[in-house]
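Here the structure comes first, spelled out in structure tokens, and everything after it is commentary.
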Amino acid sequence: MNIINHSFPENQYYREATAKKGIVLHHTVSGDSVEGDINWWKSTFERVATPIIIARDGGIHQLFSSKYWAHHLGIKKAHFAQFGLAEMNTQRNKEFIGVELDSWGGLTLKDSKYYSFSGQEVAAKNVVKYEKEFRGYRFYEKYTDAQIASLKELLVYWGRQYGISLKYKGKVMFEFNKRALGGESGIWAHVSFRPDKSDVHPQPELIRMLESLI
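Laid out in structure tokens, this is it:
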């Protein structure tokens with residue numbers, strides 16, 4: 052893997068090695084801006100971050116070792132309570148590795164053009180269209196082929212390093228569900244843990260890659 056290392060302040064994550072049981076896929080809602088993502092995290096004090104951001108060109112940007120942790124899930128007590136579970140947000144952040152894909156995420160259509168929440172226009176060729184809304188949007192910026200290929204490399208590596216099952220969980224991965232909140236090992240998405248999030252979306256190319264994992 053081609054890893055691009057960044058200097059990330061130690062007070063922006065927890066330099067505590069924790070046992071890992073799973074991986075959570077996120078997208079940034081920031082377009083192609085790894086430096087912007089990093090600078091935003093540096094500007095906060097909550098230690099929100101993921102060890103890896105995958106750029107639109109497939110570059111794997113590492114901020115800190117995946118054996119450490121930071122907050123990336125933000126699961127509320129009420130989310131756990133919906134399934135009769137005790138609040139375990141900190142524990143889930145410790146045991147699940149987060150990885151971000153640079154993407155604008157959900158888009159709105161206006162005058163035959165697609166726009167991000169911030170008003171950034173996204174070219175139609177880079178848009179995936181769903182028949183039904185997914186988490187409030189019918190249109191999303193696509194994850195690039197290069198991103199998906201790099202993500203596959205990373206998932207295989209982490210699967211071997213930490214003994215994490217890579218078996219695709221099916222459509223439940225894209226649903227808010229008890230299995231994820233309860234700490235079932237494997238690969239999940241942010242939407243698995245929270246009903247108010249839209250990352251990652253079920254892009255066919257992403258699903259095919261996940262299905263190819265053993």
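The sequence shown begins at 52 in the working numbering and counts up one residue at a time. In this text, a Cβ means the ideal position worked out from N, Cα and C, and glycines have one as well. Note that this is a predicted model, so its numbers are computed, not measured.
Between Phe147 and Trp91, the C-beta gap is not smaller than 9 Å, which leaves the two residues out of contact. Residue burial annotation: Pro102 is buried, with at least 16 other C-beta atoms found within 10 angstroms of its C-beta. Residue pairing of Thr159 in beta bridges, as defined by DSSP: Tyr166. Excluding the 5 residues flanking it on each side, Tyr188 has same chain C-beta neighbours closer than 6 Å at Gly157, in chain order. When DSSP states are grouped into helix, strand and coil, Ala240 belongs to the strand group. Looking at the backbone, the Cα of Gly234 and that of Ile111 are separated by about 26 Å.
Taking C-beta atoms under 8 Å as the contact rule, His78 and Leu160 fail to qualify, at a distance of about 19 Å.
Val173 carries a strand assignment under DSSP once its states are collapsed to helix, strand and coil.
Taken in chain order, the complete alpha helix (DSSP H) segments of 4 residues or longer contained in the stretch 59–106 are 85–93.
Collapsing the DSSP output to three states places Tyr219 in coil. In the structure shown, the three-state DSSP call for Gln133 is coil. Glu138 and Asp162 have their C-alpha atoms spaced approximately 44 Å apart. Judged by their CB atoms, Lys193 and Ser154 are nearer to each other than the 9 Å cut-off. Linking Lys127 to Lys71 through their CA atoms gives a straight-line distance of about 21 Å.
Gly125 has its alpha-carbon roughly 7 Å from the corresponding atom of Asn140. The closest CA to that of Ser249, considering only Phe227, Gly210 and Ile258, is found on Phe227.
For His122, the pairing in a beta bridge is given by DSSP as Val99. In this structure Phe168 is exposed. Its beta-carbon is surrounded by fewer than 16 other beta-carbon atoms within 10 angstroms.
With at least 16 other beta carbons inside 10 angstroms of its own, Ala100 counts as buried. The C-alpha of Val179 is placed about 20 Å away from the C-alpha of Gly221.
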